[in-house]
Amino acid sequence: MRQESPVSLRHLAAGELTDNMIHDEGSGFHYKFEYDRNNLYLKLAAEDPVLVSKIAYFGLTVWIDRAGERNKDQGFRFPVPARVAGRPAGGSGTQAGVTARRAQEGMAANRPGEGSARILPEKPGALLERAEEIELIGIYGSASRTVKIWDSRIRVSVAMVEDLLVYEAVIPFEMLQRGFDPFTAGGQWTVGLETGHYEPPAQPRQVQPRGGSPSGGIGQPGRMPGQYPGQYPSQYPMADRARIDARGGEMAAFSRPSRLWMKLEFAR
Numbered sequence: 106m107r108q109e110s111p112v113s114l115r116h117l118a119a120g121e122l123t124d125n126m127i128h129d130e131g132s133g134f135h136y137k138f139e140y141d142r143n144n145l146y147l148k149l150a151a152e153d154p155v156l157v158s159k160i161a162y163f164g165l166t167v168w169i170d171r172a173g174e175r176n177k178d179q180g181f182r183f184p185v186p187a188r189v190a191g192r193p194a195g196g197s198g199t200q201a202g203v204t205a206r207r208a209q210e211g212m213a214a215n216r217p218g219e220g221s222a223r224i225l226p227e228k229p230g231a232l233l234e235r236a237e238e239i240e241l242i243g244i245y246g247s248a249s250r251t252v253k254i255w256d257s258r259i260r261v262s263v264a265m266v267e268d269l270l271v272y273e274a275v276i277p278f279e280m281l282q283r284g285f286d287p288f289t290a291g292g293q294w295t296v297g298l299e300t301g302h303y304e305p306p307a308q309p310r311q312v313q314p315r316g317g318s319p320s321g322g323i324g325q326p327g328r329m330p331g332q333y334p335g336q337y338p339s340q341y342p343m344a345d346r347a348r349i350d351a352r353g354g355e356m357a358a359f360s361r362p363s364r365l366w367m368k369l370e371f372a373r
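Residue numbers for the sequence shown, in the working numbering: 106 to 373.
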């Protein structure tokens, strides 16, 4: 039977959600940890549009290293990215696969002057509402398995409150280490956050014919926007060049993951 969502933050206004959270400026994440004898509680928030879109489209992995280092042996991924290893998760015919394929095609087109709202086919909130799978990594000795969120003992939920993404996870200690009691064990763990990211499709190798490229004239290779930094075809006015530069910066942000590692100390 499907669980009720564990998120307890939705009744608050967006401005109140981050009041008691720590903000990491480098990654853009707001976060907060709490724990009792049985569970670790993780609350996150994100307001940067690129960070929100990366979580919604390409997933978020929470890594937990009980040695206090930055190992990626144990954790979970939610939302599960719609595109994994170049293929839409669940098959290209699923809604997630169709959404992912459209996002990949739109971003690959990289049309000058179009913002991410035009290139990404759906708003993050609409995509997050359909997130119903969690990937368990290194839990109970299993390398990786994906289950429905209502079948998982790790309870997770994500939602949009105004323009703010809010995320909450309830993680039983028993799933990470049998018999662990934070009040007697003490020690320090590390928790990592890592978004997925856009992976541009491989481009075919171009071979320039002798005597120059047909598109660039004799002895002159053809140039396209962004192919050579600071250089543009003469037909692009300055306003378009500025939009192309901004577009390239946005694409670069989508093409790398956002990461944050945090220390979690258990007081005896």
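Ideal Cβ placement from N, Cα and C applies to all residues, glycine included.
Small disclaimer: the values here were computed from a predicted structure and weren't measured.
Output the distance between the C-alpha atoms of F138 and E279, rounded to the nearest integer angstrom.
17 Å
Measuring alpha carbon to alpha carbon, tell me which of R171, Y146 and G230 ends up nearest P159.
Here residue 159 turns out to be Lys, not Pro, going by the sequence shown. Comparing Cα positions, the closest option is G230.
Helix, strand or coil for M280 per DSSP?
helix
Under a three-way DSSP split, which group does A357 fall into?
helix
Check the C-beta distance from A274 over to L156 and give it rounded, since I have them as a contact under 8 Å.
The Cβ separation is near 17 Å, so there is no contact.
Looking only at its own chain, which residues have a Cβ that is under 6 Å from the Cβ of G297, when we skip the five neighbours before and after it?
W168 and W366
Straight-line gap, F285 to G246 (C-alpha atoms, nearest Å)
16 Å
Rounded to a whole number of angstroms, what is the C-alpha to C-alpha distance between L233 and G243?
25 Å
Under the three-state reduction of DSSP, which class applies to F163: helix, strand or coil?
helix
According to DSSP, residues forming a beta bridge with A172
Looking at the DSSP assignment, A172 forms no beta bridge with any residue, so it has no partner.
Which residue or residues does DSSP assign as beta-bridge partners of R142?
Note: R142 sits in no beta bridge, so no partner.
Tell me the residue span of the beta strand (DSSP E) that contains G297.
Q293 to T300
Does the Cβ of G173 have 16 or more other Cβ atoms within 10 Å, making it buried, or fewer, making it exposed?
exposed
Buried or exposed for D178, going by 16 or more other Cβ atoms inside 10 Å?
exposed
Consult DSSP for S257 and reduce its assignment to one of helix, strand or coil.
coil
Alpha helix (DSSP H) segment containing G230, residue limits:
P229 to L233
Residue from F163, R171 and D153 whose Cα sits closest to the Cα of Q282:
R171
Are the CB atoms of I259 and F181 nearer to each other than 8 Å?
yes
Apply the 10 Å Cβ neighbour rule to I239 and answer buried if 16 or more other Cβ atoms are within range, or exposed otherwise.
buried
Residue from L369, N176, H302 and R373 whose Cα sits closest to the Cα of T289
R373
From what residue to what residue does the alpha helix (DSSP H) around F181 run?
From DSSP, F181 is part of no alpha helix (DSSP H) but of the beta strand (DSSP E) over G180 to R182.
CB contact flag (A358, V271, <8 Å)
no
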